[in-house]
Amino acid sequence: MEADKEKLHDRLLPPLPVHGPNQEPRPPRDFDGIDWSLHDDCCLAFLDVETEDEAISWVRSRITQHPISWTMCRTTLWQLATTVTEHAQEDALRHLDGSFLSERIKHLADPRSWSFLQTDFERTQEEGRLGQLEAELLRCQVPDDWPPPRCFGKHRIVLHAFSGRRRLGDFQYYLDSFLADHGSGIVVHTVSLDIVVDSVKGDISKPDIRKFWLHGIDEGWIVAFLAGPPCETWSRARAVQCASADRPGPRVIRTADDLWGLAHLRLRELEQIEVGNLLLCFSAEAFLRLVRVGGSATIEHPREPEEPHFASIWKLPLFQLLLLLPGVELHSLSQGFLGAPSCKPTSLLCLNLPGISRAIVKNQVASTMPKGAAIGKTVTGQWATSSLKEYPPALNRALAAQFSQAISAAPLDESVAIADDFLLACKEMTVTKFTEVLGRDFAG
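Throughout the sequence shown, residue numbering follows the numbering used here, covering -15 to 428 in sequence.
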């Protein structure tokens, strides 16, 4: 029974007294937090220096060569200042101004006196805090003179971020079908932007890779963007613990009060939060840049929960700002009506796709909501939510129909030419073969 409890807690509890005999009690020790070795070295140095400037310079040099915590260093400096004041009238220190030297030593106890602490000190100022930045976002106003849509070239790139595996009935399958029937003379390349497709150009966690794709949007080479940023750290399923599980499932790591992640997390949870925030922000930045050039885009994510304490990207000021931009609409649906095995309430943030609601209704394949629930693990040991990462074919068809119309309707300027290296990378990441491997939620 005890072994089962230990396995359930995964050794998260600290060692308990029952795990072994207690150590013999030790007599209490006085802890003053002063490094007396450093203190005494400085006092001896003051006997040999000639000026207060030399004394302070010697203290600085000694501290930079001495491994010590800032807390103990500060306490030692205060004690050193007190010692100088107490012995200022003795013959050994008469050549120095004891009061002036004591005040300068106290000044060294201020973190602003040290360059290696100054950077961290400045970062704590109010102007750099996340709350201040979000408050500024909420005060932003859309300019009246919004630039008109730009023209795109003959070769047009559709960036499908977090695309996963190629399969029959996926977004690219239907988009290629619709564009083949259109016959407008444009050439569309659907890029599967995913680390499982290309471990280099698909790794959005790298700054140079993000810059590479965002530059393609700014130049007018990328005309459309579809993304479903990973929702594993936002999922409501984290709040449900299955009684039949042999160990606790993933914890809630975001709340409505801490949308960017809770303050105290395990290292792996912190890594998940960091990756999730990075991929979400990349999606938002790509969306924003497409607003500016007049392209089309969709960001898919779970619908905002009814319970006010649950986290949702739609509560972020960043996405509330995007909703104010021209051509941007937020649509909600249940993927269960489109063939998903469970209800899966979903929201789509759409740019320049005015007919998306009609397309979703047109492609519904079910008249009643499925009763399944994606909670816990399946009989094979996989998380039940894994199957919901892939959109049902009916939803892919609705999205592809709207994107094909928007891509074909975008104004053409044949003088717009894609750089050779960019076009080559896009062609290499245009996947045509179907696969069976379903990637993991978190690849960390």
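Even for Gly, the Cβ is constructed at its ideal location relative to N, Cα and C.
CB-CB length for residue i against residue j, believed under 8 angstroms
i    : j    : result
S147 : S176 : 4 angstroms
G200 : I193 : So it is not a contact: roughly 11 angstroms between Cβ atoms.
A390 : S280 : 4 angstroms
V275 : G204 : Actually they do not touch by this definition, with Cβ atoms about 13 angstroms apart.
C27  : T67  : 6 angstroms
P310 : W130 : 6 angstroms
L101 : F30  : Not confirmed; about 24 angstroms, so no contact.
D25  : R44  : Their Cβ separation, rounded to whole angstroms, is 13 angstroms, which puts D25 and R44 out of contact at 8 angstroms.
T217 : G186 : In fact, because the Cβ distance is near 20 angstroms, the residues do not count as touching under 8 angstroms.
L198 : A270 : 6 angstroms
Same chain, Cβ closer than 8 angstroms to residue i, neighbours up to 5 away in sequence not counted
i    : result
N380 : G153, D154, F155, Y157 and Y158
T414 : H173, T174, V175 and S176
S168 : S392
R235 : R222 and E253
L137 : Reading the sequence as shown, one finds Gly at residue 137 and not Leu. Only G204, W205, L396, D397, E398, S399, V400, A401 and I402 meet the Cβ criterion.
A378 : L322, G323, N347, Q348 and V349
C135 : G204, A394, P395, L396, D397 and V400
P354 : G320, A324, P325, S326 and C327
Whether residue i touches residue j by CB criterion (8 angstroms)
i    : j    : result
Q63  : H23  : yes
L306 : L262 : no
E291 : W298 : no
F294 : A240 : yes
F84  : E36  : yes
P376 : A343 : no
F196 : A145 : no
H139 : V171 : yes
Residue i versus residue j - alpha carbon distance
i      : j    : result
G115   : V312 : 25 angstroms
R149   : Q125 : 40 angstroms
C410   : I141 : 8 angstroms
T330   : T282 : 12 angstroms
N336   : D397 : 19 angstroms
Q319   : G212 : 14 angstroms
D81    : P12  : 40 angstroms
K417   : S326 : 28 angstroms
L243   : P286 : 14 angstroms
E87    : R113 : 33 angstroms
L117   : R123 : 10 angstroms
A394   : S189 : 30 angstroms
D429   : P214 : Because the chain is modelled from -15 through 428, residue 429 falls outside the range shown and cannot be assessed.
A(-13) : K373 : 36 angstroms
Q73    : I89  : 17 angstroms
W479   : H71  : Past the boundaries of the shown model lies residue 479; the chain is included only from -15 to 428, so the question cannot be answered.
S183   : P191 : 14 angstroms
I52    : Q304 : 47 angstroms
P338   : L300 : 24 angstroms
T48    : G233 : 47 angstroms
A93    : D128 : 53 angstroms
E412   : D202 : 21 angstroms
D160   : L251 : 42 angstroms
D165   : S351 : 30 angstroms
V224   : L408 : 46 angstroms
A119   : S296 : 18 angstroms
A382   : E284 : 13 angstroms
Same chain, Cβ closer than 7 angstroms to residue i, five either side skipped, listed in chain order
i    : result
L249 : I237 and I257
S341 : H315
F162 : A384, A385 and S388
L302 : L121 and A268
V33  : A39 and W42
T419 : R149 and R150
R107 : Because R107 sits at a pLDDT of 45, beneath the cut-off of 50, its placement in the model cannot be relied upon, and the following sentence gives the value as read from the coordinates. Nothing listed; no residue qualifies.
H50  : L22
A471 : Outside the displayed span of the chain (-15 to 428) sits residue 471, for which this structure offers no information.
L308 : V126
D104 : Here the model assigns D104 a pLDDT of 48, short of 50, so the residue's position is not dependable, and the following value carries that caveat. Once the five neighbours on either side are set aside, D104 has no close Cβ partner at all.
Cutoff 6 angstroms; reference residue i; Cβ partners in own chain excluding five residues on either side
i    : result
I18  : T59, T60 and Q63
M56  : G17 and D19
L246 : I237
P133 : G278
V264 : Just to set this straight, residue 264 is Leu in the shown sequence, not Val. For L264, where only same-chain residues beyond five positions count, the Cβ hits under 6 angstroms are P213.
R143 : Residue 143 is actually Leu in this sequence, not Arg. Here the set comprises V175, L177, I206 and F209.
H79  : none
Proximity test, Cβ basis, 8 angstroms: residue i and chain B
i    : result
S399 : Any reference to chain B falls outside this structure, which holds one protein chain only.
| task | Could you say if the segment 404 to 417 and the segment 333 to 351 meet the contact criterion of at least three C-beta pairs nearer than 8 angstroms? | result | The segment 404 to 417 is not in contact with the segment 333 to 351.
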